[in-house]
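Notes follow once the structure below has been shown.
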Amino acid sequence: MKSEAAGTGRRRTRQPRQPTQPQGIRGPRSALTDYLASNNISAQQIRDDWDRRQAEAQRQPDQTEQEPSNPPEESRSPSDLESPEDPVKKRKRQQAIAKIKNSKEFAKRKARFSGDYDDEEDDDSLALKIHEEKNRPQPGQLANCEICDKRFTVTPYSKAGPNGGLLCVDCSKKQKADEKKPPAKKRAPGIGRRQNQANLLDGLTPHGTQSLLETCIKKVAVHIHDIEDFGDLPPSLLLRLGQILSRRRAVTSRTLDLFLRPQYTSIDLFDCAKLGTDDYHKILASMPRLTRVNLRFTTPMKDQIFHYMMERDMEIKDLHLDGPNLVTDACWRQLFIKLGHRFLSVKLWNLDSAFDNETARVMFLQCPNLQRLKLKFLHKINNDMLEGISTLKSLQHLSLRFLDETETKTEPLLQIMSSIGPQLETLSLEEFQSADDRLLQHIHDHCRRLTKLRLTLNSTFTDKGLAAFFTGWSNPALTYVDLNSLRDVDMTNPDGPEEPIGLASEGFVALMEHSGSKVQHLNIASCRHVSYKAFEQVFAEGKIYPNLKYLDISFSTVVDDYLAQCIFRCCPALQRLVVFACFKIRDVHIPREVALIGTVGATIKIDGITQTETI
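Below you can see the structure in the form of structure tokens.
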């Protein structure tokens, strides 16, 4: 072992350096060196390329002097337009292009072209394109971006540049952003007016130009979030703006401030679903002189809002609320006990968690000055609370609608008509299924001041009872009549019983003889037992209903084009005619300013303009 070590030591003896070629200095590798090596970039290759370009640049002036007359760029082939390169590489590429021209793939692509085709130039361009496609780096390999010369990894989604190379991610995004969108296709004549014509037929858009006031209101509603204050707008314009914003569900804590005016005594907001408890406090605090509160979809309202009213002893007289389900029965009763003597109008909709019969009795007892009462879809009240209504001696407007499953009796309604019928001006009883002809007789005997009558969704009234009700009635002619869905509901007998149930021919004729001269709104939808002869008699030649503006005869299947024209002739002030399921209306001429709603596949003619409505 020692001899080996000694021998090894002799071999490692430092020998004098022999004169050789200089070698590169080796030392620690820098970050740049590692980066160049990882990306397959050779410093030696970069130096060689630079030397080659310098040599070619020196040779170029000599070639220019020898060949002064070069062909124009347009006549050169794509291979001649390339930048100078190594003659060996150029020769190899020319050989590859020549080989491609003899391939099947080249022949297939060439066969796709039609029209003008320059054999020489286009063959070279097509062959060069195929050659570049084949020589493109495959996914996973490295390549230089054609635009920015950045080194990147090729993926299946790498895009081609304008000269056939590949682009990096950044340049691909820029190229996509710079691409122009194709021009929009021109629509065929008339298609752009389709929605406008439908709105005209439905009465949603007036004929002609809108007023400047309406245009300004709609423009304000569009830019509502950019408006800081409405200024001195009258209450009527605030009401219109509130309607538009509510329809767009744009009433928020931000837009609410625009409606708060300390000097105003009323507020009307028809969609408060986006307001919170603090917003209701803000309404009451900012408008201390409120006497009329009309708020819809008030689900977030709670007891503390009513407590605030009572603590401030506010002068509220008209209270109209829709959906305050979080207010308890105890709070309702405290409100009526504290402020009930001031209430002149109470309208409540859609309450399911509170407001039972006992709360209703407290309201009747503590609100003796009520002139207007509306109770609709209150889940906890039923037939037992009706007797208390008869104690409201100042009541002039009554509107009631219970739930479908609520069983009502006729006797409490008869007591109400006997007690307060003489002073009633409007009466609305919806979905009282069990009410019979006795109720009609009591209305006929006791009501003398009615201008509005709504009796709907009943299958007990008879046609004879309705005819007797309107015949000889000492009440003045009604201006608003709604008798929709007074019909027999036996679907197995579509023609109805021998003695008609609901509004039929005799009742309709008697109604128009009594109120035809003053009626403005008439709804007899789903009264399907009114005969063709009755319509022909009511709208006969010579009959005029000068004030009728709205008429709904939906599901009156006997109405045809002739009857529709008779209606237009007899109703000079008509603005809307609703004819859903009147399938015999097929070809009708509509007077200007009249909206015909509900036709299907009918040919509509408006002042010489003909179109087919397929709503």
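Take the sequence shown: its position 175, counted from the start at 1, is 193 in our numbering, and no numbers get skipped.
The beta carbon of each residue, even a glycine, is placed where N, CA and C say it ideally should be.
All values reported here derive from a predicted model rather than from experimental measurement.
Candidates the options: which alpha carbon is nearest residue i's?
i: F307; options: R330, R390, C290 and T316; result: Reading off the sequence, residue 307 comes out as Arg, not Phe. Residue R330 is the option with its Cα nearest to R307.
i: L370; options: F382, K237 and T317; result: The question names Leu, but residue 370 is Asp in the sequence shown. D370 has its Cα closest to that of T317, out of F382, K237 and T317.
i: G520; options: R546, I334 and R472; result: R546
i: N368; options: V238, E333 and K392; result: K392
i: F420; options: V172, L475, L144 and H325; result: L475
i: V364; options: V311, T409, D374 and D605; result: V311
i: K177; options: D167, K168, A495 and K191; result: K191
i: H462; options: A495, E448, K394 and T478; result: A495
i: S408; options: L337, D142, Q441 and Q583; result: Q441
i: F395; options: L413, Q414, E448 and W350; result: E448
i: A145; options: K561, Y53, A125 and Y326; result: A125
i: P155; options: Q389, D244 and L184; result: L184
i: R456; options: Q322, M435, R472 and L471; result: M435
i: G341; options: C349, L473, R314 and N387; result: R314
i: Y53; options: G179, S304, A453 and R169; result: R169
i: V596; options: I262, V612 and I301; result: V612
i: N483; options: D454, G439 and N493; result: The sequence as given places Gly at residue 483; Asn does not occur at that position. Cα-wise, what sits closest to G483 is D454.
i: Q322; options: D336, H338, L339 and H299; result: H299
i: R272; options: D247, I615, L410 and R65; result: D247
i: F601; options: I615, N343 and A114; result: I615
i: G514; options: T478, D402 and T270; result: T478
i: Q281; options: M305, D297, L504 and G260; result: M305
i: N120; options: D142, H460 and A61; result: D142
What three-state label does DSSP hand residue i in the structure shown?
i: D297; result: helix
i: D605; result: strand
i: E448; result: strand
i: N476; result: strand
i: K365; result: strand
i: D142; result: helix
i: L501; result: coil
i: G42; result: In this prediction, G42 scores a pLDDT of 47, lower than 50, which makes its location untrustworthy; no coordinate-derived value is stated.
i: F487; result: helix
i: T31; result: Any reading at T31 needs caution, since the residue's pLDDT is 46, under 50, leaving its predicted position unreliable; the model's value is listed next. Coil.
i: K356; result: helix
i: D250; result: coil
i: T233; result: helix
i: T377; result: helix
i: N387; result: coil
i: G65; result: First, the residue type needs correcting, since residue 65 is Arg and not Gly in the sequence shown. DSSP places R65 in helix when its eight states are reduced to three.
i: H241; result: coil
i: I209; result: Note on I209: pLDDT 45, under 50, position unreliable in the model; the coordinate value appears next. The answer is helix: DSSP assigns I209 an H, G or I state.
i: D508; result: coil
i: K194; result: helix
i: A528; result: helix
i: D370; result: coil
i: R467; result: coil
i: D331; result: coil
i: I148; result: helix
i: I118; result: helix
i: A522; result: strand
i: D481; result: helix
i: E100; result: With a pLDDT of only 44 at E100, under 50, the local geometry of the prediction cannot be trusted, and no value is derived from it.
Contact defined as beta carbons within less than 8 Å: I believe residue i pairs with residue j. What is the distance between those atoms, to the nearest angstrom?
i: L450; j: T426; result: Correcting the residue identity first, residue 450 is Phe in this sequence and not Leu. 5 Å between Cβ atoms; contact.
i: H539; j: Y563; result: Between Y563 and H539 the Cβ distance is about 12 Å, and since that is not below 8 Å, they are no contact.
i: I571; j: I542; result: 6 Å
i: V618; j: D579; result: Actually they do not touch by this definition, with Cβ atoms about 14 Å apart.
i: F526; j: V548; result: 5 Å
i: L362; j: F373; result: With 8 Å as the limit, L362 and F373 do not qualify as a contact, their Cβ atoms being about 19 Å apart.
i: F487; j: L445; result: That pair is no contact at about 12 Å.
i: D289; j: S264; result: 4 Å
i: M328; j: I334; result: So it is not a contact: roughly 10 Å between Cβ atoms.
i: K236; j: I262; result: 7 Å
i: M381; j: G358; result: 7 Å
i: S533; j: V556; result: With a Cβ gap of about 12 Å, S533 and V556 do not count as contacting.
query = Can you find at least 3 beta carbon pairs, one from the stretch 507-516 and one from the stretch 461-469, that sit closer than 8 Å?
reply = The stretch 507-516 and the stretch 461-469 do not touch, with fewer than 3 CB-CB distances between them shorter than 8 Å.
request  = Pick out the complete beta strand (DSSP E) segments inside the stretch 253-329, 3 residues or longer, and give them in chain order.
outcome  = DSSP runs (the beta strand (DSSP E)) wholly in the stretch 253-329: 284-287 and 310-313.
inquiry  = At 3 residues or longer, what runs of the beta strand (DSSP E) sit wholly inside the stretch 535-622?
reply    = Entirely contained in the stretch 535-622, the beta strand (DSSP E) runs reaching 3 residues are, in chain order, 539-541, 568-570, 594-596, 605-608 and 613-615.
query = Using 8 Å as the threshold, is the stretch 429-439 in touch with the stretch 370-388, meaning 3 or more CB pairs across them?
reply = A contact between stretches requires three or more CB pairs, one per stretch, nearer than 8 Å, and the stretch 429-439 fails this requirement with the stretch 370-388.
ask   = In chain order, which beta strand (DSSP E) runs of at least 3 residues are fully inside the stretch 391-462?
value = Segments of the beta strand (DSSP E) lying fully in the stretch 391-462: 415-419 and 444-448.
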